[in-house]
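Asker: Below is a structure I'd like to ask you about.
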């Protein structure tokens, strides 16, 4: 399966953001201004400009650039996951020809490895709490001695 769709065609070329979202994204200095008028502010229709007062080279707003970058990242993830899926399918095909006893042996080795890792983890937890365990043991002994 090939999922190389041109998702750029689904995105609008320009996006008019409502004034409220632009106001929320503004710096705290905008919050200090007096906004007591009952009328809602007009929608933002101007294109974003750089510090020099000109439009970015691409002619797109920063939000669009972020969306396109996110889309490119997601496409890369799709390609990565497709390659992983294909590798797993190949492994599964090769694994079908392995005798049953080898599969059982592999499973047992994996179980032993997991058990050893868990034992190591639990031993580390015991070592970390050794003083607490000793203190609680002495408390219990005192309680039964009295």
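Numbering (UniProt numbering), first residue to last: 1 to 146.
In this text, a Cβ means the ideal position worked out from N, Cα and C, and glycines have one as well.
Helix, strand or coil: how does DSSP classify residue 148 here?
Answerer: Residue 148 lies beyond the residue range present for the chain, which begins at 1 and ends at 146; the question has no answer from this structure.
Asker: State the Cα-Cα distance for the pair residue 93 and residue 99, rounded to the nearest angstrom.
Answerer: The straight-line gap from Cα to Cα measures roughly 13 angstroms.
Asker: Let me know the secondary structure DSSP gives residue 129 once reduced to three states.
Answerer: Coil, per DSSP.
Asker: Identify every run of the alpha helix (DSSP H) within the segment 73–128, keeping only runs that are complete inside it and at least 4 residues long; order them along the chain.
Answerer: With a minimum length of 4 residues, the continuous alpha helix (DSSP H) runs that stay inside the segment 73–128 are 100–128.
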